[in-house]
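Numbered according to our numbering, the sequence shown spans residues 415 to 892.
Every residue, glycine too, gets a C-beta built ideally from N, C-alpha and C.
Data first, discussion second: the structure below is written as structure tokens.
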Amino acid sequence: MLFNSIDFALFLPLVFILYWYPKNRSYNSQNILLLLSSYFFYACWDWRFLFLLLFSTLLDYFTGIKISNSSSPREKKIWFWISVIVNLGLLVVLKYFNFFATSLSSFAETIGVHLDPFTLQVILPVGISFYTFHGLSYVIDIYKDRIKPEYNFISYSVFVCFFPLLVAGPIERATHLLPQIKKKRVFDYSRTIDGMRQILWGLFKKIVIADSCAYYANLIFNNYTHYQGSDLFLGAIFFTFQIYGDFSGYSDIALGTARMLGIDLLKNFNYPYFSRDIAEFWRRWHISLSSWFRDYLYIPLGGSKGGTWGKIRNTFIIFIVSGFWHGANWTFIVWGALNAFYYLPLLLKKTNRMHVGTIASNRILPSIKEFSGMITTFLLTVFAWIVFRSASIQDSFIYFKRMFNISILEKPTVLPIHIFLLIVFFIIIEWMGRNHNYAIEGIDRIHLKAIRWSFYFVLLFLTLLFFGSNQAFIYFQF
Numbered sequence: 415m416l417f418n419s420i421d422f423a424l425f426l427p428l429v430f431i432l433y434w435y436p437k438n439r440s441y442n443s444q445n446i447l448l449l450l451s452s453y454f455f456y457a458c459w460d461w462r463f464l465f466l467l468l469f470s471t472l473l474d475y476f477t478g479i480k481i482s483n484s485s486s487p488r489e490k491k492i493w494f495w496i497s498v499i500v501n502l503g504l505l506v507v508l509k510y511f512n513f514f515a516t517s518l519s520s521f522a523e524t525i526g527v528h529l530d531p532f533t534l535q536v537i538l539p540v541g542i543s544f545y546t547f548h549g550l551s552y553v554i555d556i557y558k559d560r561i562k563p564e565y566n567f568i569s570y571s572v573f574v575c576f577f578p579l580l581v582a583g584p585i586e587r588a589t590h591l592l593p594q595i596k597k598k599r600v601f602d603y604s605r606t607i608d609g610m611r612q613i614l615w616g617l618f619k620k621i622v623i624a625d626s627c628a629y630y631a632n633l634i635f636n637n638y639t640h641y642q643g644s645d646l647f648l649g650a651i652f653f654t655f656q657i658y659g660d661f662s663g664y665s666d667i668a669l670g671t672a673r674m675l676g677i678d679l680l681k682n683f684n685y686p687y688f689s690r691d692i693a694e695f696w697r698r699w700h701i702s703l704s705s706w707f708r709d710y711l712y713i714p715l716g717g718s719k720g721g722t723w724g725k726i727r728n729t730f731i732i733f734i735v736s737g738f739w740h741g742a743n744w745t746f747i748v749w750g751a752l753n754a755f756y757y758l759p760l761l762l763k764k765t766n767r768m769h770v771g772t773i774a775s776n777r778i779l780p781s782i783k784e785f786s787g788m789i790t791t792f793l794l795t796v797f798a799w800i801v802f803r804s805a806s807i808q809d810s811f812i813y814f815k816r817m818f819n820i821s822i823l824e825k826p827t828v829l830p831i832h833i834f835l836l837i838v839f840f841i842i843i844e845w846m847g848r849n850h851n852y853a854i855e856g857i858d859r860i861h862l863k864a865i866r867w868s869f870y871f872v873l874l875f876l877t878l879l880f881f882g883s884n885q886a887f888i889y890f891q892f
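Laid out in structure tokens, this is it:
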């Protein structure tokens with residue numbers, strides 16, 4: 415079930431009404447409804463994968479209890495590694511087995527050995543990377559004595575399966591989400607309206623910005639040998655706004671939906687394209703995943719402490735693993751490594767924490783230095799997205815080669831003016847709202863109701879005007 419579908423437009427109001435009526439529902443009955451709704455939501459993709467989701471939930475629920483109740487460090491470690499190995503084993507087999515098999519075959523060919531790789535003909539379960547990381551963070555936190563296990567199976571299952579975040583995040587932490595699940599939620603009109611406002615903005619980003627840009631990005635990337643350099647550069651720009659509008663739009667809908675149900679999820683995007691360097695970009699892009707790798711991989715490896723080579727090693731490990739998390743393709747690995755190269759000079763010069771506040775927070779426009787940093791970071795990101803979007807490493811090299819020639823100075827043959835205007839409108843709204851949790855959060859402070867409702871009408875009109883493609887969200891494949 416897609417957030418940008420008629421099905422979800424019918425599903426959410428029904429869940430909302432049943433969830434808040436009657437008023438005297440206990441938190442446990444609220445959780446049962448959320449769990450059943452989440453299973454139904456997931457079953458709309460493929461009901462067979464419900465068994466895998468349930469298995470993953472049961473695995474971490476029971477191993478979490480066993481870890482906490484272990485009578486010795488050895489027993490505790492055994493249960494911990496059972497959870498980690500089974501979780502990651504399932505993920506590796508279902509998501510990466512074919513990649514490793516074909517890569518081994520290709521390597522063997524280079525040394526003169528012919529292998530016929532055995533591959534699995536399976537569909538990647540939607541959301542497996544996300545709910546696996548939910549469970550892993552829970553088990554790791556119990557093992558490290560940061561939290562106690564949750565004995566209420568319904569509450570724990572909602573933590574893993576809560577439908578707004580189930581298939582594409584944000585990747586939640588038990589310390590943040592479980593306390594909210596374990597208490598009764600009370601209806602709050604203002605929070606509901608705020609949630610609906612964020613959903614509207616998320617739908618606009620997905621349907622109007624991302625899907626519109628997707629048409630031209632796909633056209634150019636899928637036929638890149640037929641286009642000149644300026645067209646290829648525009649194709650990369652279109653994909654840059656497509657992936658941001660697509661994924662941050664999903665996150666806005668997820669956060670808004672959860673807020674309507676009385677639950678706050680972790681913020682996943684914080685205006686990343688307004689970043690002044692790559693380090694700031696990665697603090698603002700897919701925050702829940704970046705912080706997950708920071709806390710559960712980067713810091714245990716030693717982080718930025720220790721010698722220079724240790725810092726370099728840890729930086730490349732974290733970015734390459736993050737890239738590989740996105741999919742079984744060398745393009746994602748190289749994309750991660752490229753971002754590590756971007757990040758490394760900042761780390762070594764100890765300037766990676768230079769920009770932690772909002773750009774031009776008390777000014778209408780950025781300074782020249784801020785603007786130049788923002789444009790440089792944006793362009794570096796655009797170039798990295800080319801690798802990410804390409805079908806293969808070879809395709810990305812050819813794309814760059816064809817883009818960086820004299821034809822990049824020529825007038826593009828692909829000039830969708832209406833898309834450019836929409837992007838400019840989008841950037842202006844995001845810039846004006848960069849101090850808020852999402853771009854239009856502060857619009858309720860406009861006292862003139864006519865202005866507020868006119869703006870809502872414009873967003874709704876454009877969303878309905880562009881509605882119809884029902885394109886799946888990019889991150890569903892990860």
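Asked	Found
How many Å lie between I854 and D666 at the Cα?	11 angstroms
Go through its chain and collect everything with a Cβ distance to W493's Cβ below 7 angstroms, but skip five positions before and after it.	T477, K480, I481 and S484
Using the C-alpha atoms, what's the distance from L648 back to R611?	31 angstroms
Is K863 helix, strand or coil by DSSP?	helix
Taking the alpha-carbon positions, what's the Q642 to P826 distance?	8 angstroms
Can you give me the Cβ contacts of L432 inside the same chain, cut-off strictly under 7 angstroms, excluding the 5 residues immediately before and after it?	L447
From F695 to M846, what does the alpha carbon distance come to, in whole angstroms?	18 angstroms
Is the beta carbon of T639 sitting closer than 8 angstroms to the one on V796?	no
Count the other CB atoms, across all protein chains shown, that sit within 10 Å of the CB of R690; report buried if there are 16 or more and exposed otherwise.	buried
When you compare the CB positions of F618 and G583, do they come within less than 8 angstroms of one another, or not?	no
Using a threshold of 8 angstroms, state whether the C-beta atoms of S569 and I595 are closer than that.	yes
Under a three-way DSSP split, which group does G856 fall into?	helix
Is N512 closer than 8 angstroms to L550 when the C-beta atoms are compared?	no
Let me see if you follow: with CB-CB separation under 8 angstroms, is I843 close to chain C or not?	Chain labels in this structure do not include chain C; a single protein chain is all it has.
If we ignore side chains and look at the alpha-carbon of each, how far apart do C458 and S821 end up?	47 angstroms
Could you give the distance in angstroms between the alpha-carbon of N471 and the alpha-carbon of L580?	The displayed chain sequence assigns Thr, not Asn, to residue 471. Roughly 12 angstroms separates the two Cα atoms.
Please name the residue, chosen from I843, D460, P686 and H700, that lies closest to T791 on a Cα-to-Cα basis.	P686
Can you check the region 598-629 for any beta strand (DSSP E) of at least 3 residues that lies completely inside it and give the ranges in chain order?	none
Taking the alpha helix (DSSP H) that L725 falls in, what are its first and last residues?	Looking at the sequence itself, residue 725 is Lys, so the reference to Leu does not match. First-last of the alpha helix (DSSP H) with K725: T722 to W739.
Just the Cα atoms here: how many angstroms apart are P539 and I865?	44 angstroms
Quick check on the DSSP output: the alpha helix (DSSP H) that includes R698 runs from which residue to which?	I692 to R698
Is it buried or exposed, M817, if we count other Cβ atoms within 10 angstroms and call 16 or more buried?	buried
By the three-class DSSP mapping on this structure, what secondary structure does K491 have?	helix
Is the Cβ-Cβ distance between I585 and W706 less than 8 angstroms?	yes
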